[in-house]
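Participant: No gaps in the numbering here: position 47 of the sequence shown is 115 in our numbering, and each next residue is one more.
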Amino acid sequence: MLDELEKLPNGSRFYRCAFQVNTFEYVTRHNHQTAFADEDSYNRALVEACLELGIEVIAIADHYRIKGTEKLAGAARAAGIVVFPAFEAVTREGVHFLCLFDPAMPPDTVQARIGACGIGSETAPSPLGDLNAESLLGNSQKWEMQCIAAHIASDGGLFRALQGGQARGAIWRHEELAACAIPGPVDDAPENLRAILRNEDPAYRRDRPISVLNCNDVKGPDDLRAGGTWCLVKMTAPTLEGLRQAFLDPGSRIRLASDPGPEEHVEFVGMAWETEGFLRGCRLHFNENLNVLIGGRGSGKSTVIESIRYVLGLEPVGEDAKKIHAGIISGVVKSGTKISLLVQSYQPDRRRFLIERTVPDPPRVFDENGDVMKVTPLDIVRGVTVYGQNELAELARSPEKLTALLYRFVAPDKGWQSKYQDSHTKLAQSRRDILDCLSKIDKAEDQLAGLPGLTETLDRYREAGVEEKLKSRDAIVRAEAIIQTARESVTPLQELSDEMAETAAIDTEFLSDEALKELPVEKQLKSLNGTLARLEAATRKAQGAIAAAITTAEAEIQTVAEAVAAEKTSTQAAYEAALRELQKQKIDGNEFIRLRSEIERLSPLKGQRTTLKSKLKGLDQKRRNELAAWEDIKRERFQKLEQAAKKVSRALPDRLRVTVRYGADRVGLCDLIKKKPGGRVAETVAALAGKDQLSLPALAAACRKGAAALTKEFGIPATQGERIAAAAPELPMLIEELDLPHVTEIELNIGPDKAPPEWRKLGDLSTGQKATALLYLLLLEADAPLVLDQPEDNLDNRFISEGIVPKIRTEKRRRQFIFSTHNANIPVLGDAELMIGMRAVGEAGDGHADIPEEFMGSIDKKSVAALAEEILEGGKEAFMTRRKKYNF
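#1: List the DSSP bridge partners of Glu259.
#2: Beta-carbon within less than 6 Å of Ala479's beta-carbon, same chain only, minus the 5 sequence neighbours each way: which residues are those?
#3: If you count every other CB in all the chains shown that lies within 10 Å of the CB of Val589, and 16 or more means buried, which is it?
#4: For a test of the three-state rule: what should DSSP assign to Glu156, helix, strand or coil?
#5: Could you name the residues that DSSP lists as bridge partners for His916?
#6: For my contact list, Ser565 and Gln611 are in at a C-beta cut-off of 8 Å; report their separation, rounded to the angstrom.
#7: Could you tell me whether any non-hydrogen atom of the ligand GTP is closer than 7 Å to the CB of Ile182?
#8: When the cut-off is 8 Å and only beta carbons count, does Ile448 lie next to chain C?
#9: Leaving out five residues on either side along the sequence, give the residues of the same chain with a beta carbon under 7 Å from the beta carbon of Val150.
#10: What separation, rounded to the nearest whole angstrom, lies between the Cα atoms of Thr576 and Asp435?
#11: Report the option in Arg112, Arg499, Asn357 and Lys75 whose CA atom is closest to the CA atom of Glu332.
#12: My output table needs one value for Trp827: the three-state DSSP class, helix, strand or coil.
#13: Which runs of the alpha helix (DSSP H), 4 residues or longer, sit entirely within the region 503-591?
#14: Report buried or exposed for Ile128, applying the criterion of at least 16 other Cβ atoms within 10 angstroms of its Cβ.
#15: Can you check the region 114-200 for any beta strand (DSSP E) of at least 3 residues that lies completely inside it and give the ranges in chain order?
#16: What distance in whole Å lies between the Cβ atoms of Pro153 and Ile182, which are believed to be in contact at a cut-off of 8 Å?
#17: List the endpoints of the continuous beta strand (DSSP E) containing Pro290.
#18: For Ala964 versus Pro895, is the C-beta distance shorter than 8 Å?
#19: Pull up the DSSP beta-bridge partners for Val360, would you.
#20: Quick one, are the C-beta atoms of Ser408 and Met339 less than 8 Å apart?
#21: Would you call the region 693-707 and the region 483-497 touching, i.e. three or more CB-CB distances under 8 Å?
#22: What three-state label does DSSP hand Gln231 in the structure shown?
#23: State yes or no: is the C-beta of Ala147 within less than 8 Å of the C-beta of Leu119?
#24: Excluding the 5 residues flanking Arg828 on each side, which residues of the same chain have their C-beta closer than 7 Å to its C-beta?
#25: Taking three-plus beta-carbon pairs below 8 Å as touching, is the region 295-306 in contact with the region 258-271?
#26: Looking at the secondary structure, which residues open and close the beta strand (DSSP E) in which Trp211 lies?
#27: May I ask you to list the residues that DSSP assigns as paired with Asn817?
#28: Is Asp857 helix, strand or coil by DSSP?
#29: On the criterion of 16 or more Cβ atoms from any shown chain inside 10 Å, does Ala573 qualify as buried, or is it exposed?
#30: Can you give, in chain order, each stretch of the alpha helix (DSSP H) that sits fully within the region 676-723 and has at least 4 residues?
#31: Among all the DSSP beta bridges, which residues are the ones paired with Lys406?
#32: Just the Cα atoms here: how many angstroms apart are His916 and Lys880?
#33: Taking buried to mean at least 16 other C-beta atoms within 10 Å of its own C-beta, is Gln415 buried or exposed?
#34: Determine the DSSP secondary structure at Cys350, reduced to helix, strand or coil.
#35: What are the complete alpha helix (DSSP H) segments, minimum 4 residues, inside the region 411-487?
#36: If you draw a straight line from the C-alpha of Cys299 to the C-alpha of Val440, how long is it?
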């Protein structure tokens with residue numbers, strides 16, 4: 069399957085081209101120094117240099133000569149190098165032009181073009197033609213040639229040969245002159261030419277900027293290696309139409325040797341569908357830059373988009389999008405269909421992965437060896453974005469998803485995420501610890517509340533002489549209370565011992581020989597095994613000592629308890645006699661003993677209460693510290709988000725303006741208020757939701773102060789404030805632990821281009837304008853593929869041509885785009901490297917998609933251009949009719 073994919077056309081790419089290669093005969097005719105004794109050795113060395121430098125295309129351009137180029141052309145073609153037949157023309161005014169013809173044009177036809185130039189002497193080293201520059205350029209279409217103004221800054225160049233500014237300007241602006249040659253970057257051109265080449269000089273301003281090429285004379289292999297003799301031209305294949313399209317769009321299709329190369333980015337290499345469904349048997353070989361699916365309605369474009377989403381395991385954003393996606397997968401792709409997606413990744417190294425998914429099973433990822441990996445597709449293609457038809461409009465209605473879009477511009481920080489989770493966990497634990505401590509204090513308070521009454525009753529028994537008569541049993545009761553308190557004192561230490569036993573083992577797998585292999589200071593790192601082993605041994609020893617001490621203590625306590633029990637047994641008869649004596653006086657001696665037992669049980673609670681209150685102070689202080697850290701962590705993320713918003717605004721000046729409001733999404737807070745106090749809280753929710761600025765710590769503090777503070781500081785009605793205050797102490801802590809989402813506000817400039825900005829907030833925009841604003845965000849600075857289904861459905865054409873398309877052209881050199889569209893602006897003005905023409909074939913109910921290879925390519929492929937004209941423009945007649953009606 070993979071081999072089949074890469075055999076398919078995948079559109080235009082850059083070819084390294086040298087357009088002014090000279091023959092051995094030219095070198096000797098002009099007395100240039102050469103290290104070669106004959107034509108064959110010269111040709112062989114030149115071809116070897118081309119292969120060494122990756123030059124795939126040459127033009128052999130001698131002065132008004134095509135005869136004598138056959139040997140060099142043949143040697144180049146035999147090595148797989150494409151040769152453009154060409155000649156260098158010198159017009160009547162002395163202006164030099166390179167005249168290039170399609171590789172398929174016969175030499176005799178080129179010779180006829182040379183003859184039509186009216187050469188005075190064919191034997192002259194550099195003959196002059198009879199045609200002037202305007203006439204030569206005027207023949208370009210009729211002669212099927214592309215003209216390049218050669219070495220414009222040197223002798224014979226347009227700006228040297230033509231002295232009159234008016235004459236130079238007319239030729240420079242001639243509609244058939246699309247390219248010129250200089251030896252290096254524009255910044256190194258003569259100062260008087262830089263503004264002209266950049267199309268910034270009013271006297272020479274062209275309707276369309278000229279293509280600047282590097283194609284100096286090549287008189288041997290050393291000239292190729294020296295630079296200034298070759299450049300890169302993007303074409304589906306090296307043809308004259310490929311050159312024409314490249315010269316029409318130099319910003320997308322021409323790159324000088326000095327220009328930065330395309331940035332490596334993760335890309336989808338190809339895709340295939342097997343077994344079932346509408347796309348059965350279809351294969352696609354994607355281009356690394358801009359891919360556009362075109363075709364009539366029902367041809368399968370959306371099915372391709374949703375298949376990409378499905379094989380990656382991506383969930384649609386909105387409810388409508390989920391329904392559409394599910395319908396396409398179940399009803400069009402169909403159960404049993406296997407979707408395969410080949411992915412190329414460059415980080416951390418260059419590697420390919422195959423992602424497969426058979427409907428309805430989960431996806432699987434295979435490495436280059438065919439082994440199934442323990443990763444998900446999104447682990448391989450991080451940041452990939454897929455949106456279906458109208459999904460951008462759904463996205464615009466979701467504040468949290470808008471903010472998620474902005475997070476794409478925040479650098480990942482695993483350390484921050486770990487700190488965030490740790491801080492939130494600690495806060496939740498501190499809340500539980502405080503509530504537990506308060507519960508124990510309340511329980512102790514409740515029990516101690518009865519102690520004064522018990523003591524007063526006991527005093528009355530004492531006054532009646534009961535204590536003296538039951539003195540021995542009274543002492544036993546007090547001794548038993550001491551035994552119980554002693555046992556309770558051991559319990560916390562037993563829990564500590566158990567916890568130590570569970571956590572004493574230290575995992576040292578991270579210090580294995582394999583893990584430490586080739587690391588710096590490997591010997592010292594290995595020594596940590598001993599360090600941790602000694603720590604574990606010491607911990608186990610300490611735990612063993614504690615456990616042994618606990619066992620000893622429990623045994624000793626038990627010995628004392630048994631002594632008390634024996635004493636109790638030995639005094640039982642005297643106790644029962646005393647009770648009978650008291651009964652005669654109608655006094656219940658048992659009640660006295662019960663009171664004494666209860667008082668002895670409660671008395672230690674005073675100390676426990678004091679200890680608990682001291683512990684509570686410590687827990688409160690600890691929570692205050694953790695709250696400070698929590699607020700800092702939340703603020704840190706907000707600052708990063710705010711920086712991202714500023715970055716986006718700077719990247720899209722006069723297009724988009726993005727701001728972030730801190731914690732402005734109050735839904736989580738309002739849900740908490742509705743849940744905890746109970747009763748009517750509508751006015752409270754409205755008051756909190758409506759505040760421009762809201763401090764959660766301040767709200768929590770007001771809850772603790774009471775209803776009056778809530779009313780005064782937050783406008784909460786008194787009765788509702790009382791219910792909220794009554795929910796303390798838990799509610800204030802839950803409020804403190806909230807992390808309210810930040811709200812991203814997007815403003816779009818809806819004013820005309822080059823007019824003063826007219827900013828309008830997202831909520832006040834039309835559906836199309838909202839989608840435009842979001843598409844601006846999606847197009848910015850990411851290296852993962854962006855896949856969109858018919859974005860123009862919600863976009864205004866003006867925004868597409870003036871804003872979106874220029875951004876696509878800028879960004880496509882560093883990321884891959886896959887769009888489906890009915891709008892010609894995206895593939896044509898965006899200069900799509902690959903257009904994929906789709907059509908539906910077969911009978912209704914058993915039809916399927918068809919993607920012929922002749923419909924795969926760029927606009928410079930005639931069959932693709934014809935298909936685009938038919939589908940996107942409605943045919944040539946419709947296009948020309950519109951042009952006439954607009955009076956263009």
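All C-beta atoms in this analysis are idealised placements derived from N, C-alpha and C, irrespective of residue type, glycine included. Predicted model, so just to flag it, every value in this text is computed and none were measured.
Facilitator: A quick look at the data gives this:
#1: DSSP lists no partner for Glu259.
#2: none
#3: Counting every other CB atom within 10 Å of its CB across the protein chains shown gives Val589 a total below 16, marking it as exposed.
#4: In the structure shown, Glu156 sits in a strand (DSSP, three-state: E or B).
#5: Val909
#6: About 6 Å separates the Cβ atoms of Ser565 and Gln611, confirming a contact at the 8 Å cut-off.
#7: Within the structure as shown, the ligand GTP is missing, as the structure has no ligands at all.
#8: No chain C appears in this structure, which consists of one protein chain only.
#9: Closer than 7 Å at Cβ, skipping near neighbours: Glu124, Val125, Pro171 and Pro306.
#10: Taking C-alpha positions only, Thr576 is separated from Asp435 by approximately 30 Å.
#11: Asn357
#12: strand
#13: 519-531, 534-537, 539-571 and 581-584
#14: buried
#15: 125-128, 150-158 and 164-169
#16: Actually they are not in contact, since the Cβ atoms of Ile182 and Pro153 sit about 11 Å apart, beyond 8 Å.
#17: Per the sequence presented here, residue 290 reads as Asp, with Pro not at that position. Asp290 -> not in any beta strand (DSSP E); alpha helix (DSSP H) instead, spanning Pro289 to Ala294.
#18: Residue 964 falls outside the range modelled here, since the chain spans only 69 to 956, and no answer is possible.
#19: For Val360, which the question treats as bridged, DSSP gives the partners Phe887 and Met903.
#20: yes
#21: yes
#22: For Gln231, the three-state secondary structure derived from DSSP is coil.
#23: yes
#24: Closer than 7 Å at the Cβ level, and outside the excluded window around Arg828, lie Glu815, Leu816 and Ile818.
#25: These segments do not touch.
#26: Where Trp211 is concerned, there is no enclosing beta strand (DSSP E), although the alpha helix (DSSP H) it sits in stretches over Ser208 to Trp211.
#27: Trp827
#28: strand
#29: Classification of Ala573: exposed, given that the 10 Å Cβ count is below 16.
#30: Listed in chain order, there is nothing to give.
#31: Glu342 and Thr426
#32: Distance between His916 and Lys880, taken at the CA atoms: about 31 Å.
#33: So Gln415 ends up on the exposed side.
#34: coil
#35: 445-448, 459-463 and 467-474
#36: 43 Å
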